[in-house]
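Engineer: Pasting in a structure now, in structure tokens, and then I'll have a few things to ask.
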Amino acid sequence: MADNEQWFTEKCEEGGNAFGLRIKGKLHEEQSRYQKIEVYETTDWGNLMVLDGYTMVSSLDNFLYHEMMVHPALFIHPAPQRVAIIGGGDCGTLREVLKHPEVKQVTQIDIDERVTRVSEQFFPELCESNQDPRAELLFIDGIEWMQQAEAGSLDIIIVDSTDPIGPGEVLFSADFYRACQCALADGGLMIQQSESPLIHQLIIQRMYRNLHDSGFSDVKSLFFPQPIYPSGWWSATLGRKGAAIEGFREQDVAQRNFETRYYNSDIHRAAFAVPEFFRKILEPQS
Ligand code: SAM
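If you read the sequence shown in UniProt numbering, its first letter stands for residue 1, the second for the next number, and so on.
And the structure:
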């Protein structure tokens, strides 16, 4: 590393590892009511948003995360019309949901409006669907909104939250999962970003326990690469109400009228393949 180069580095204390991107400089910094928000211009990965020192989204690799947080769950569901996104302030998840013509209404509830306003300025490509008439953006605590949601009123819940610390911690609680399970219609699915399968196994075990205890009849995880997150290998965990998490609308995937850069039927199937070590960490949970 030439000594006149600048780098942004995130240290993952619990993993004893770090991730860095070479940067040209810092484009933005502010302290919102909930978190510190920074945006860097990198030399090779586009812009990088960081919340409280943790990487959130980069221009180069966010498609991996946003596509895998949305398309598997929506193609498993037979008719995903009513969607809620908890968190998701950068709006990349919202953009992917709105590609689905079956979706009639999507409400995004992020606690911090500033994340969305900063994303509109530095990640406009992620916010290109924000004016879609089917979309509603609210800025309140996700658990408060979910606890007031009408029972059986949702087909899909996507929890695109920060890590289980700070304002995001409540979104990994049994109380929140019970509220989600109640708000889902029968056959509905919840999917939540569930950290690194390599480093955060205790968090994932706790999620499985809380999801099962909250009345979800089936719980499964899917895996995908996400270079800017700790270990570069990420997961999302799904809970389904009153049905098994199996099968998907494969013909609809093949005939979809929108582009994806990572997700397709092969990726859908492969993402749900369970690594042997992961099977073992879940044994006490299932
Ligand atoms: N892709 C990122 C990841 O995996 O870490 C998450 C992206 S998104 C920017 C995370 C969002 O969760 C932030 O905008 C944050 O404001 C929001 N958030 C955290 N706690 C929340 C809560 N209790 N209710 C609603 N949104 C919350």
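Heads up, the beta-carbon is just placed ideally off N, CA and C, and yes, glycines get one too.
Quick caveat, the model's predicted, so the values are computed rather than measured.
How long is the line joining the alpha carbons of GLY168 and ILE85, rounded to whole angstroms?
Structural biologist: Each residue's Cα considered, the two are about 14 angstroms apart.
Engineer: With contact counted as at least three CB pairs below 8 angstroms, one residue from each stretch, are the stretch 23-35 and the stretch 62-71 in contact?
Structural biologist: Segments in contact, no.
Engineer: Can you tell me whether MET68 sits near the ligand SAM, meaning its C-beta is under 7 angstroms from at least one heavy atom of the ligand?
Structural biologist: For the ligand SAM, not one heavy atom lies less than 7 angstroms from the Cβ of MET68.
Engineer: Taking contact to mean at least 3 C-beta pairs separated by less than 8 angstroms, is the stretch 236-248 in contact with the stretch 210-223?
Structural biologist: Verdict: yes, contact present.
Engineer: Rounding to the nearest angstrom, what Cα-Cα distance links CYS182 and ASP155 in this structure?
Structural biologist: Cα to Cα, the separation comes out at about 11 angstroms.
Engineer: In terms of residue numbering, what span does the beta strand (DSSP E) encompassing GLU259 cover?
Structural biologist: Premise fails: GLU259 is in no beta strand (DSSP E) and is neither H nor E.
Engineer: Around the ligand SAM, what residues have a beta-carbon under 5 angstroms from a heavy atom of it, in chain order?
Structural biologist: Having a Cβ closer than 5 angstroms to some heavy atom of the ligand SAM are MET56, GLY87, GLY89, ASP90, ASP110, ILE111, ASP112, VAL115, ASP141, GLY142, SER161, THR162, PRO167, GLY168, GLN193.
Engineer: Relative to the C-alpha of GLN192, which residue among ALA73, LYS11, GLN255 is closest?
Structural biologist: Answer by Cα proximity: ALA73.
Engineer: Contact check, PHE139 vs ASP160 under 8 angstroms by CB: the rounded distance?
Structural biologist: With a Cβ gap of about 15 angstroms, PHE139 and ASP160 do not count as contacting.
Engineer: Measuring alpha carbon to alpha carbon, tell me which of GLY188, TYR40, LEU94 ends up nearest residue 336.
Structural biologist: Residue 336 falls outside the range modelled here, since the chain spans only 1 to 286, and no answer is possible.
Engineer: Once you ignore the five residues that flank ARG261 on each side, which residues in its own chain have a CB closer than 6 angstroms to its CB?
Structural biologist: Result list for ARG261: PHE63, in chain order.
Engineer: So the alpha helix (DSSP H) VAL103 belongs to, where does it begin and stop?
Structural biologist: From DSSP, VAL103 is part of no alpha helix (DSSP H); its letter is neither H nor E.
Engineer: Residue 290 lies in the alpha helix (DSSP H); which residues open and close that run?
Structural biologist: Only positions 1 to 286 of the chain appear in this structure, which leaves residue 290 out of reach.
Engineer: Suppose only complete runs of 4+ residues qualify. What are the alpha helix (DSSP H) ranges in the stretch 221-254, listed by chain order?
Structural biologist: Taking only runs of at least 4 residues, the alpha helix (DSSP H) segments lying wholly in the stretch 221-254 are 250-254.
Engineer: In the DSSP assignment, what residue or residues form a beta bridge with VAL83?
Structural biologist: Beta-bridge pairing links VAL83 to VAL106, ILE156.
Engineer: Can you give me the Cβ contacts of GLN81 inside the same chain, cut-off strictly under 8 angstroms, excluding the 5 residues immediately before and after it?
Structural biologist: Cβ within range, chain order: GLU102, VAL103, LYS104, GLN105, ASP155.
Engineer: Within 10 angstroms of the Cβ of ALA241, are there 16 or more other Cβ atoms? Answer buried if so, exposed if not.
Structural biologist: One point to set straight first is that residue 241 is Lys, not Ala, in the sequence displayed. Buried.
Engineer: Looking at C-alpha atoms only, which residue of TYR40, LYS36, GLN35 is the closest neighbour of GLY20?
Structural biologist: Minimum Cα distance to GLY20 is reached at TYR40.
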